[in-house]
Each structure stands twice: as C-alpha cells, then as structure tokens.
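Report on the following structure.
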Amino acid sequence: MAAADVTTDRTVETAARTAMWRLLPLLSLCYLLNYVDRVNVGFAALTMNADLGLSSAAYGFGAGLFFVGYFFFEVPSNVILHRVGARIWIARIMISWGLIASTTAFVHGEIGFSVLRFLLGVAEAGFLPGVILYLTYWFPRARRAKVVALFFLAVPLSSVLGAPISTLLIQNGDGVLGFDAGWRFMFFVEGIPALLVGALVLLLLPDRPSRARWLTATQQHALEQRITQEDSTQVPQQTGLRAGLRDPRVIALSVIYFGAAFGLYVLAFFLPQVVSGLQERFGVRFSLLDIGLITAVPYVVASVVMLLNARHSDHTGERRLHIAVPASIGAVSVAVALYLDSPYLVMAAMTLCAAGVFAVTPVIWQLPSQFLTGVGAAAGIALINSFGNLSGFVGPYLTGWLQDLTGSFRAGMFVVAGLMLLAAVTVLLLRPERAPVEATSDPGGTPEGNG
0 MAAADVTTDR TVETAARTAM WRLLPLLSLC YLLNYVDRVN VGFAALTMNA
50 DLGLSSAAYG FGAGLFFVGY FFFEVPSNVI LHRVGARIWI ARIMISWGLI
100 ASTTAFVHGE IGFSVLRFLL GVAEAGFLPG VILYLTYWFP RARRAKVVAL
150 FFLAVPLSSV LGAPISTLLI QNGDGVLGFD AGWRFMFFVE GIPALLVGAL
200 VLLLLPDRPS RARWLTATQQ HALEQRITQE DSTQVPQQTG LRAGLRDPRV
250 IALSVIYFGA AFGLYVLAFF LPQVVSGLQE RFGVRFSLLD IGLITAVPYV
300 VASVVMLLNA RHSDHTGERR LHIAVPASIG AVSVAVALYL DSPYLVMAAM
350 TLCAAGVFAV TPVIWQLPSQ FLTGVGAAAG IALINSFGNL SGFVGPYLTG
400 WLQDLTGSFR AGMFVVAGLM LLAAVTVLLL RPERAPVEAT SDPGGTPEGN
450 G
C-alpha cells in the first residue's frame, strides 16, 4: 500500500473517531428522550387506565395510534431532512414532540388520549430514519453497524433509566404542581428535556463533515471522499425517489423490521404489566419502583448483546445471520416465557427475547445502503421504518385485545414469536446485493443544506 494511502486511511480513521465522540453522545441523548416520551405510557398505564376508564384494548389502540401518525408522515419528513439538513429538521422534531408529550398530562378520556398519541407520532416522524441516514454521511461502511448499535444503546438505556424515573415520578407526583395524579406529573416533566435538547441540536449538530469546525480541512475532505467512494462503488448511480420506494428489497426489509419492531414495542408497552402480573401468579409483592427496576433488567443484558452482535457483524462483514440467529432465539424465548413455573425463569426468558430483538436492529439498518443512495435512500429508509413501526400500532392493540379476550398475555407472546420467526426467515431469503438502479432526476437528489 502506498504511503499516501496509509496516510489517508489514518486521517479517515481519526476523523471518524472524532465524529463518533462528537456526534453520538448528543444523538443518543436525543433518542433516549425520544424513546422515553414514546413508551412512558407503558408505566402510566399502571394507574392511568383506571383513572381514564381505559380497557386493555382501548389502551392498546390509543398507545398504538402514535404509529399511525408516524406512518403517514415518515417518508415526507425524511425527504425534507435530506433536503434542508439534519440540524434544523431534528431540532424541529424534538421541540414539537416535547410540547405534545408534556400536553399529555392534561388529557381526559379515551378520545383525548388517542388524539394526543396520534399527534405525538406526527411530531416524531422522521427522527429515527433521519438519524440513520445522517450517520451514513459521516461513517465508512466498516464502522456503521457498531455506530448504529452505540446510537441504539439509547433504547435499552431509556428503559434502564426511564423505568425507575418514570415510576418514581408516578409514585410521588400526586399533588405536585397541582396535578391530581402521578402519571400526569410524569408526562409533564418528561416532555420538557426534549425542548431543551432540541435547542442544543440547533447549536451543536453539523449537517456534514464539511460543516464540522472540530475537523481539520484535511479530515473533512478525506472523510467525505472515502464515503463518496464507498457509496459509488456499492451503488454506482444515485437512487431516485420512486426507485427507492418501489424496490422489492425495501418491501422485504419492511417485513423484517416489522417483525423485530413488533417484539420491541410489545415489550415496551406491556412488560411492566407482565412483571406486575407475576405478583398474583407467584404470590410475590412489588412496589411501583420494584416493577420499574425489574423491567430494566432485560434491557441491561440486551444492550451488551446488541453491541457484541453489531461489532462481530462489522468485523466479519456478514449481516443476514447476525439478524436471523438472534431473532430466532428471541422468538423461542418469548413463546415459552409465560409457561415457566418460576418468576426468575419468566424474566430470564423475557431477557433473552429482549436481547434477540435489540441485537438485530442495528444490523438491519446496514442492508438498505447496499442498494440505495441519495434521495432514494432517504425515502427507502423512511419507508422501511414507517412500515416496520406499524407494528407499534398493531402490537399494542392486538396484545391488549388478546389479553382482554383470554385474560393472559400468552397469546400475545405467541404472535410476537411468530413475527420474529418470519423476520428471521425473510432475511435468510433476502439478497440485498446491488442491482441496476434508476438514475435520479428528482429535485433534491443532492441534499441542499447538507453542504
């Protein structure tokens, strides 16, 4: 290897490492707040459902309406981010969702709850696929699964931290600031950080390496040139908007992500209730804080497994087995969990399920860039995420309905297992290698505002 190439590689490596330390803490904080404000309703349900007169099915329907709003606005939001830049658009998303999250504190009745959940989905649409797209502007392919896994640590961390914090706020919030219920106080307090961090995004988040003041001019040029070379080698032409939306591999990835996300959201919305149900079944007693702490355990384990799986996937360059194997293990675990005869065994099985769900997620997001670039990548990634996140509507509603029908969460867990197995089978059949693509003639094929 020529000395110039070695020097360039070192420059790229230094620039990427610097970018990781500069960008990921802020982006992970954003996602942590995003996920807390999205799923804290699972802890609120422990007392809110009775206060508002919500059945399990009505709660599941309202909680899941978040993802209907998310679905309809996901693709337009990500295309806008591609055109105007991540800094402005991610800040807009955060400020609007923070306002709506806090407003949930004032909800009365089933209709109001459902409307605000829908609006929260509209506000948050585009955040996750926007960040996934944004990270492809900054990191070479050999680093991306690990980088996305580090970003996704915000999800289990949001449960490790958010579970006890949310339950403490609920347990001690009655009468504080005039709120008549602790769950109202929790919603109000947990929406405020998104407003503050949204302002930080406007100040601190550069759209592209060429806009990063903390990189030298040489580092900026070397990093952008390396990423451009990799993308043009993998996908020789820019992918058009329509091509990105119509590619059958995008539909296949939507199915895969639907199966993984289904398990993720059922755990997020119902694991606190599953833990609470162990009390009657096994004759144990938990406080609200105990439930929060126990709920956090599977997420601690899942975060470690997720990082190890992503790191190994980057090291080997293999993606499909790193999705199929964890998904299959998670499916089997959740299917048997509620048939086990010990609370410890139940939680061990639920922990394996959580580990399987989280392990596959960062690796899934490495597949779209194997055949999509440009505005087509923005649209395709958003479409995968929006269809996948419809599971956030179907999962809570179907699980709640089955629980009302059968008096148990067992049937719902079987549905989780089946969809995770479907994801595993689909990814083994998928061949995401590059194929001839439609050259873009779409306006916005080059991201304005991204430098």
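For the record, in the sequence shown the residue sitting at position 205 is 204 according to numbering that gives the first Met the number 0, with numbers rising by one throughout.
From the three backbone atoms N, C-alpha and C, an ideal C-beta is built for every residue, glycine too.
Beta-carbon spacing of residue i, residue j below 7 Å
i, j, result
"V147", "P297", "no"
"L304", "A354", "Going by the sequence as given, residue 304 is Val instead of Leu. Cβ distance < 7 Å, so V304 and A354 count as in contact."
"W213", "R409", "no"
"S209", "Q224", "no"
"F105", "G61", "no"
"S302", "P139", "no"
"G262", "V356", "yes"
"V200", "I89", "yes"
"Y30", "A44", "no"
"L132", "A377", "yes"
"M412", "V359", "no"
"A381", "E123", "no"
"Q402", "S54", "no"
"D206", "R86", "yes"
"F392", "V78", "no"
"G417", "Y264", "no"
"S76", "G125", "yes"
"F117", "L64", "yes"
"L222", "V11", "yes"
Residue range of the alpha helix (DSSP H) that includes residue i
i, result
"P395", "390–405"
"E109", "108–123"
"V324", "320–336"
"E73", "55–83"
"V362", "342–363"
"V283", "Careful: V283 lies outside any alpha helix (DSSP H) and carries neither H nor E."
"L428", "409–428"
"G52", "Where G52 is concerned, there is no enclosing alpha helix (DSSP H), given that its DSSP letter is neither H nor E."
Per-residue burial, residue i [other beta carbons within 10 Å of its own, 16 or more giving buried]
i, result
"P24", "exposed"
"I255", "buried"
"D313", "buried"
"T315", "exposed"
"Y343", "exposed"
"A309", "buried"
"D230", "buried"
"R430", "exposed"
"H81", "buried"
"P235", "Model confidence at P235 stands at a pLDDT of 45, short of 50, so the residue's coordinates are unreliable; what they give is reported in the following sentence. Label assigned to P235: exposed."
"A438", "Below a pLDDT of 50, predicted positions are generally treated as unreliable, and A438, at 39, falls in that range; the measurement from the model is reported next regardless. Exposed, by the Cβ-count rule."
Presumed contact (8 Å Cβ cut-off) between residue i and residue j, rounded CB distance
i, j, result
"M419", "G258", "5 Å"
"Y69", "A153", "Rounded, the Cβ-Cβ distance is 17 Å, inconsistent with contact."
"S253", "G387", "6 Å"
"N171", "G161", "In fact, because the Cβ distance is near 16 Å, the residues do not count as touching under 8 Å."
"L194", "L98", "7 Å"
"R143", "L149", "With 8 Å as the limit, R143 and L149 do not qualify as a contact, their Cβ atoms being about 11 Å apart."
Ranges of the alpha helix (DSSP H) found wholly within the segment 131–212, counting only runs of at least 4: Within the segment 131–212, the alpha helix (DSSP H) runs of at least 4 residues that lie entirely inside it are, in chain order, 140–151, 153–171, 181–203.
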